[in-house]
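Chemist: Protein chains in written order, with my numbering: chain A, 4 to 190; chain B, 2 to 715.
#1: From residue 140 of chain A to residue 170 of chain A, what distance separates their C-alpha atoms?
#2: Could you have a look at residue 449 of chain B and say whether DSSP puts it in helix, strand or coil?
#3: Residues in the region 134-148 of chain A with C-beta within 9 Å of chain B's C-beta atoms, listed in sequence order?
#4: Bridge partners of residue 231 of chain B, per DSSP?
#5: How should residue 653 of chain B be labelled, buried or exposed, when 16 other C-beta atoms within 10 angstroms of its C-beta is the threshold for buried?
#6: Does residue 47 of chain B come out as helix, strand or coil in the three-state DSSP assignment?
#7: Grouping DSSP H, G and I as helix and E and B as strand, with all else coil, what is residue 587 of chain B?
#8: Shorter than 7 Å from the beta carbon of residue 98 of chain A to some beta carbon of chain B?
#9: Is the Cβ-Cβ distance between residue 53 of chain B and residue 395 of chain B less than 7 Å?
#10: When you compare only the Cα positions, how much space is there between residue 103 of chain B and residue 91 of chain B?
#11: Expressed to the nearest angstrom, what Euclidean distance is found between the alpha-carbon atoms of residue 19 of chain A and residue 136 of chain A?
#12: Do you know whose CA, among B:138, B:192 and B:183, lies nearest residue 169 of chain B's CA?
#13: Using a Cβ-Cβ cut-off of less than 9 Å, list which residues of the region 683-698 of chain B approach chain A; keep chain order.
#14: Excluding the 5 residues flanking residue 580 of chain B on each side, which residues of the same chain have their C-beta closer than 7 Å to its C-beta?
#15: If you run the structure through DSSP and keep just helix, strand and coil, what is residue 111 of chain B?
#16: Please determine, among B:553, B:34, B:82 and B:31, the residue with the shortest C-alpha to C-alpha distance to residue 329 of chain B.
#17: Given this structure, state the Cα-to-Cα distance separating residue 520 of chain B from residue 246 of chain B, to the nearest angstrom.
#18: Could you spell out where the alpha helix (DSSP H) holding residue 145 of chain B opens and where it closes?
#19: Let me check one thing: in DSSP terms, what residues is residue 206 of chain B bridge-paired to?
#20: What's the gap between the Cα of residue 289 of chain B and the Cα of residue 5 of chain B?
#21: Three-state secondary structure (DSSP) at residue 237 of chain B?
#22: Would you kindly check if the distance between the Cβ of residue 686 of chain B and the Cβ of residue 65 of chain A is under 7 Å?
#23: Cβ atoms of residue 467 of chain B and residue 447 of chain B: under 7 Å apart, would you say?
#24: Three-state secondary structure (DSSP) at residue 5 of chain A?
#25: Give a yes or no on whether the minimum CB-CB distance between residue 403 of chain B and chain A is below 7 Å.
#26: Helix, strand or coil, according to DSSP, for residue 253 of chain B in the structure here?
#27: Is there a Cβ from chain A that is less than 7 Å from the Cβ of residue 628 of chain B?
#28: Measure the alpha-carbon distance for residue 55 of chain B versus residue 368 of chain B and round it to whole angstroms.
#29: Return no unless some Cβ of chain B is closer than 7 Å to the Cβ of residue 113 of chain A.
#30: Could you name the residues of chain A that residue 207 of chain B contacts, counting a contact when the two beta carbons are closer than 8 Å?
#31: From residue 57 of chain B to residue 34 of chain B, what distance separates their C-alpha atoms?
#32: Is the beta carbon of residue 492 of chain B less than 7 Å from the beta carbon of residue 339 of chain B?
#33: Can you tell me the Cα-Cα spacing of residue 217 of chain B and residue 78 of chain B, whole angstroms?
#34: Are three or more beta carbon pairs between the region 297-304 of chain B and the region 558-574 of chain B nearer than 8 Å?
#35: Just by C-beta distance, which residues in the region 40-59 of chain A are closer than 7 Å to chain B?
#36: Name the residues in the region 18-43 of chain A whose C-beta lies less than 9 Å from a C-beta of chain B; which are they?
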């Protein structure tokens with residue numbers, strides 16, 4: 004195997020890199036095992052050729068996958084060129100890819116560089132992710148019930164009773180009056 | 002469309018039912034009051050007698066209200082074709098799919114940390130039913146989240162996206178989460194109104210556990226379109242999906258007695274109906290213009306912001322000249338209920354505070370008198386408990402005084418010639434009258450079912466329905482004394498200034514109430530029962546036996562709480578054909594659909610369920626969840642360098658120590674920052690596994706397993 008002949012001496016590290024990339028591809032819902040293996044192998048191989056000294060193969064392979072994904076999403080966005088999409092963001096495009104099940108329906112196109120199938124582009128165009136609609140603000144009226152006088156009295160009373168000693172005294176007086184009433188009635 | 006009401010009404014309000022209802026109410030209350038006054042007078046009228054008479058009249062007036070409503074309902078139901086029903090304004094025989102609607106309605110579903118699976122099953126069912134009718138074009142669905150729990154938030158986002166994708170409803174089914182949930186549910190709805198109400202004619206409010214059929218929604222929309230002076234149209238939600246014994250008791254009571262009560266309620270309120278906060282359609286223009294909630298004088302618990310906003314909004318609608326109707330005979334409106342006695346008490350604690358706040362409006366607000374009656378009824382629902390308790394206390398005290406005096410009671414002649422000679426017989430007459438007011442509605446329901454075998458069949462047939470009513474009477478008679486103590490405690494603590502916290506209503510009982518929890522919550526009831534029982538026996542064994550139903554309820558409070566919280570007990574009754582409801586015997590398509598959507602899938606192995614931070618885990622590990630969460634953020638990142646520094650520290654802590662090291666507020670801060678979640682996602686995936694902290698290694702394994710499990714499930 005040509006790849007292994009100039010491979011990193013730590014094969015275990017490359018094994019970890021492959022597993023990580025394959026796992027991340029699974030997280031992107033590449034369920035087809037063959038496609039997943041081919042993509043992971045390709046990405047790890049690319050990383051291996053350009054591995055700078057002292058770098059972790061795992062981190063670089065994941066970075067490589069991300070770079071390819073960004074480029075693929077941008078290309079997909081340009082190919083569909085939807086004016087109503089409210090600007091391009093990677094997050095929006097990725098959510099559209101998931102909503103239109105592109106990876107499950109056209110796994111061979113995922114992260115590829117070839118032309119997109121017309122049905123795939125149509126599916127992307129039809130998918131919309133709208134959290135909330137555009138604002139259509141309405142003004143809300145003023146409260147119809149006012150309590151000015153009562154409110155002042157209530158607020159004054161509340162302030163008066165915010166004094167803890169007064170509150171305790173009042174509570175003791177009420178309880179005392181209750182007990183006195185019961186004793187009186189029971190006589 | 003104008004925000005002013007039309008001068009001519011198209012609704013069927015009028016007739017003599019309202020004056021007859023209040024006239025009868027007054028006559029019955031005065032008669033019972035006179036009999037009790039006579040009884041007290043014959044034994045010698047004292048200061049205690051005066052207090053007892055005042056309490057009796059207030060309490061009797063309250064239970065008479067509850068008696069007359071089903072009585073009027075029975076007459077209407079037996080006569081058929083209610084002339085005062087709002088549903089007369091539309092053709093109920095018309096196929097709802099052919100109804101031509103001209104308006105746009107927002108269906109709003111507020112959510113606050115409730116189970117997202119059950120919640121979105123409800124949303125999906127409603128959407129599917131409207132789509133099946135071909136009427137979905139007239140509706141948009143808004144999920145209005147106020148959730149504060151990190152996991153719930155993320156689970157809602159995922160469930161919303163999956164539901165919208167499954168239904169092809171992106172652009173029709175929206176999700177919005179508020180950053181600051183000020184003013185709780187009413188604030189949540191106000192926020193919707195400010196932002197999007199301008200696009201709609203009406204809004205139909207749901208609760209997190211609500212369900213409505215497509216037919217019901219379309220007919221409600223048609224009714225409010227046809228009657229421009231109707232501001233709010235409320236339906237009567239039937240309770241469903243109860244599994245514990247208590248839940249099944251509640252849903253049976255609601256379904257079997259609901260129709261007569263609803264018809265009677267509508268007979269007197271008509272165009273002055275009430276709003277119950279959900280399962281109702283609201284005309285938006287007057288709602289925005291006139292229904293802004295007032296700030297009550299003082300501070301919470303009795304002042305400040307209005308908690309039970311629905312009653313106040315209905316009152317404001319009346320004040321503005323609009324009508325509020327109850328479509329009591331419209332089928333297809335449902336909600337769920339608390340599964341245990343303790344959960345029911347917790348819910349009542351919130352409602353109690355909200356209803357007591359209405360005292361401000363009743364006493365000092367310039368409001369229509371029928372709105373005042375609604376509010377007084379709401380207040381009496383809770384105040385009656387301490388009043389009953391006081392009444393029992395005074396009866397004990399009066400008996401003690403009489404027994405302790407060692408005097409022979411010289412009975413005076415009655416002021417009424419038809420009255421029995423002895424005091425005991427007169428007391429029994431009064432007791433019989435009171436019992437008839439309380440249990441009479443049950444007999445009315447059984448009479449109605451006897452005349453309507455088709456309806457009785459949906460409750461398992463007349464004999465089973467009758468047996469179920471007996472079960473219901475037995476259990477609720479025993480539960481009532483406990484609820485009386487709960488409510489009395491709530492009223493007292495609220496008057497002493499204790500506020501209620503906004504909490505999620507529990508709808509799933511789990512394994513039922515543990516003995517320890519029941520003892521902690523209701524041990525006091527047992528103590529009260531023992532002490533009062535001993536006191537009553539010491540004072541007079543006759544008093545003890547008179548009070549025995551109440552004493553028994555207190556003594557059995559704890560075992561009753563535990564037993565009624567169990568699903569096995571609920572199922573025992575169901576297997577015997579007892580406490581059946583139409584939703585169990587003849588479930589409608591929407592109920593079947595909801596049940597199939599909430600049916601549990603394959604269970605994860607127990608050892609994989611240990612991660613409580615599944616929301617945060619999903620955002621950090623899953624690229625799609627990460628992207629979706631980022632997409633739904635309105636403010637993408639924090640520009641303040643100090644805030645950024647704090648967030649960096651939190652990210653570091655999360656990576657080093659795992660999610661368990663962060664509290665909910667810290668997790669929420671990270672989840673609210675776009676930069677942080679993107680960076681965390683990159684860092685966790687780029688790190689070699691052996692450099693990840695043990696928590697993240699375990700989390701990654703769990704995530705992988707979940708991913709495989711989920712894909713296998715698909």
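Don't be surprised by glycine CBs; every beta carbon is placed ideally from N, CA and C. Predicted, not measured: the structure shown is a model, and the values here were computed from it.
Modeler: Here's the rundown:
#1: Numbered from 1 along the first chain, position 137 holds the residue referred to as residue 140 of chain A. Numbered from 1 along the first chain, position 167 holds the residue referred to as residue 170 of chain A. Annotation: residue 140 of chain A to residue 170 of chain A spans about 47 Å, alpha carbon to alpha carbon.
#2: Start at 1 with the first residue of the second chain, and residue 449 of chain B comes out as number 448. DSSP places residue 449 of chain B in helix when its eight states are reduced to three.
#3: With the criterion set as a beta carbon lying under 9 Å from some beta carbon of chain B, the members of the region 134-148 of chain A are 134, 135, 136, 137, 138, 139, 140, 141, 142, 143, 144, 145, 146, 147 and 148, in sequence order.
#4: Translated into positions along the second chain, residue 231 of chain B becomes position 230. Per DSSP, B:324.
#5: Counted from its first residue, the second chain places residue 653 of chain B at position 652. Answer is exposed; the Cβ neighbour count stays below 16.
#6: By 1-based counting over the second chain, the position of residue 47 of chain B is 46. The DSSP-derived three-state label of residue 47 of chain B is coil.
#7: For this step, residue 587 of chain B is matched to residue 586 along the second chain. Coil.
#8: Counting from 1 along the first chain, the entry for residue 98 of chain A is found at position 95. Yes, residue 98 of chain A lies at the interface with chain B (some Cβ there is under 7 Å from its Cβ).
#9: One-based indexing of the second chain puts residue 53 of chain B at position 52. One-based indexing of the second chain puts residue 395 of chain B at position 394. Yes, the pair counts as a contact, with Cβ atoms nearer than the cut-off.
#10: Here residue 103 of chain B refers to the residue found at position 102 when the second chain is read from its first residue. Here residue 91 of chain B refers to the residue found at position 90 when the second chain is read from its first residue. Computed Cα separation, rounded: 15 Å.
#11: Against the first chain, residue 19 of chain A aligns to sequence position 16. Against the first chain, residue 136 of chain A aligns to sequence position 133. If I take the Cα positions, the gap works out to 45 Å.
#12: The count along the second chain starts at 1 and reaches residue 169 of chain B at position 168. The candidate whose alpha carbon is nearest that of residue 169 of chain B is B:138.
#13: Answer in chain order: 683, 686, 687, 688, 689, 690, 691 and 692.
#14: Counted from its first residue, the second chain places residue 580 of chain B at position 579. So the qualifying residues of the chain are 249, 250, 253, 469, 472 and 574.
#15: Taking the first residue of the second chain as position 1, residue 111 of chain B is located at position 110. Looking at residue 111 of chain B - three-state DSSP - the assignment turns out to be strand.
#16: Locating residue 329 of chain B in the second chain gives position 328, counting from the first residue. Measuring C-alpha to C-alpha distances from residue 329 of chain B to each of B:553, B:34, B:82 and B:31 identifies B:82 as the nearest.
#17: On the second chain, position 519 is the one that residue 520 of chain B refers to. On the second chain, position 245 is the one that residue 246 of chain B refers to. Going by the C-alpha atoms only, they are around 19 Å apart.
#18: If you number the second chain from 1, residue 145 of chain B lands on position 144. Under the DSSP assignment, residue 145 of chain B falls outside any alpha helix (DSSP H), being part of the beta strand (DSSP E) whose first and last residues are 140-146.
#19: In the second chain, counting from the first residue as 1, residue 206 of chain B sits at position 205. B:109 and B:281, per the DSSP bridge assignment.
#20: Walking along the second chain from the start, residue 289 of chain B turns up at place 288. Walking along the second chain from the start, residue 5 of chain B turns up at place 4. So the alpha carbons of these two residues sit roughly 12 Å apart.
#21: Start at 1 with the first residue of the second chain, and residue 237 of chain B comes out as number 236. Coil at residue 237 of chain B, not helix or strand.
#22: As a position in the first chain, residue 65 of chain A is number 62, starting the count at 1. As a position in the second chain, residue 686 of chain B is number 685, starting the count at 1. Yes, they are a contact pair.
#23: One-based indexing of the second chain puts residue 447 of chain B at position 446. One-based indexing of the second chain puts residue 467 of chain B at position 466. In this structure, residue 447 of chain B places its C-beta atom within 7 Å of the C-beta atom of residue 467 of chain B.
#24: As a first step, residue 5 of chain A is located in the first chain; it is residue number 2 there, counting from the start. At residue 5 of chain A the pLDDT is 42, less than 50, meaning the model places this residue with poor confidence; the figure from the coordinates comes in the next sentence. Here residue 5 of chain A sits in helix by DSSP.
#25: As a position in the second chain, residue 403 of chain B is number 402, starting the count at 1. No - not a single Cβ of chain A is within 7 Å of the one on residue 403 of chain B.
#26: Here residue 253 of chain B corresponds to residue number 252 of the second chain, with the count starting at 1. Collapsing the DSSP output to three states places residue 253 of chain B in a helix.
#27: For the purposes of this step, residue 628 of chain B is identified with residue 627 of the second chain, where counting begins at 1. Yes, residue 628 of chain B counts as interfacial toward chain A.
#28: For this step, residue 55 of chain B is matched to residue 54 along the second chain. For this step, residue 368 of chain B is matched to residue 367 along the second chain. Approximately 26 Å, taken between the alpha carbons.
#29: Start at 1 with the first residue of the first chain, and residue 113 of chain A comes out as number 110. Residue contact with chain B for residue 113 of chain A: absent (no Cβ-Cβ distance below 7 Å to any residue of chain B).
#30: In the second chain, counting from the first residue as 1, residue 207 of chain B sits at position 206. Chain A residues near residue 207 of chain B: none, gap ~18 Å exceeds 8 Å.
#31: On the second chain, residue 57 of chain B is found 56 positions in, with the first residue counted as 1. On the second chain, residue 34 of chain B is found 33 positions in, with the first residue counted as 1. Their Cα atoms are separated by approximately 7 Å.
#32: One-based indexing of the second chain puts residue 492 of chain B at position 491. One-based indexing of the second chain puts residue 339 of chain B at position 338. The answer is no: Cβ separation not under 7 Å.
#33: One-based indexing of the second chain puts residue 217 of chain B at position 216. One-based indexing of the second chain puts residue 78 of chain B at position 77. Rounded to whole angstroms, residue 217 of chain B to residue 78 of chain B spans 21 Å at the Cα level.
#34: Output reads no: the region 558-574 of chain B does not touch the region 297-304 of chain B.
#35: Under the 7 Å Cβ criterion, the region 40-59 of chain A contributes 59.
#36: Flagged, chain order: 19, 20, 22, 23, 26, 27, 29, 30, 31, 32 and 34.
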